[in-house]
Amino acid sequence: MKKWPDWLVVIARQLSTDPLDPDGEVNFELPLSRSDMADCLGLNPETVSRQVSVLRRRKIIEVDNKWTIRVRALSRLLEAAGPSHENLMVHGSGAEPRFGEASG
0 MKKWPDWLVV IARQLSTDPL DPDGEVNFEL PLSRSDMADC LGLNPETVSR QVSVLRRRKI
60 IEVDNKWTIR VRALSRLLEA AGPSHENLMV HGSGAEPRFG EASG
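Numbering (numbering that gives the first Met the number 0), first residue to last: 0 to 103.
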């Protein structure tokens, strides 16, 4: 189940307008259908739907409407995404590093 959560971490980083807090919520609009997401990831839409359902049942994400995703705790999404995101930095405003960017 790692591929969609991993992608969602990247999307959250790119689309969030607020600084990311590992223990906080992340809200963003994702104007893609399940089919579009599946195409981006090389998956079928049913697989994406199952992965969305798993994250919803685990209360990691909420889907407020067709397009709005709420990640309830970024740290839990990072855990679901797996080790590729273990050491990611949280971005803030200004010159602070973003996920995957080295500081300095």
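Beta carbons are placed, not taken as given, at the ideal position from N, Cα and C, and that holds for glycine. Here the structure is a predicted model, which means the values were calculated and not measured.
What is the DSSP secondary structure of residue i, counted as helix, strand or coil?
i	result
THR67	strand
GLU78	helix
GLU24	coil
PRO44	helix
ARG12	helix
SER34	helix
ARG56	helix
ASP17	coil
LEU29	coil
HIS90	Bear in mind that a pLDDT of 40 at HIS90, under 50, signals an unreliable position, so the number given afterwards is only what the model happens to contain. Correct three-state label for HIS90: coil.
ALA101	Low confidence applies to ALA101: its pLDDT is 42, below 50, so where it sits in the model is not reliable enough to give any reading.
Name the DSSP bridge partner or partners of residue i?
i	result
VAL62	ILE68
Just to check my reading of the structure: residue i and residue j have Cβ atoms closer than 8 Å, yes? What is that Cβ distance to the nearest angstrom?
i	j	result
ALA80	ASP5	4 Å
LEU29	LEU14	7 Å
ARG69	GLU61	4 Å
PHE27	ALA11	6 Å
Quiz item: Between the segment 50-59 and the segment 13-32, do three or more beta carbon pairs fall short of 8 Å?
Solution: Contact between the segment 50-59 and the segment 13-32 is not established, with fewer than three Cβ pairs separated by less than 8 Å.
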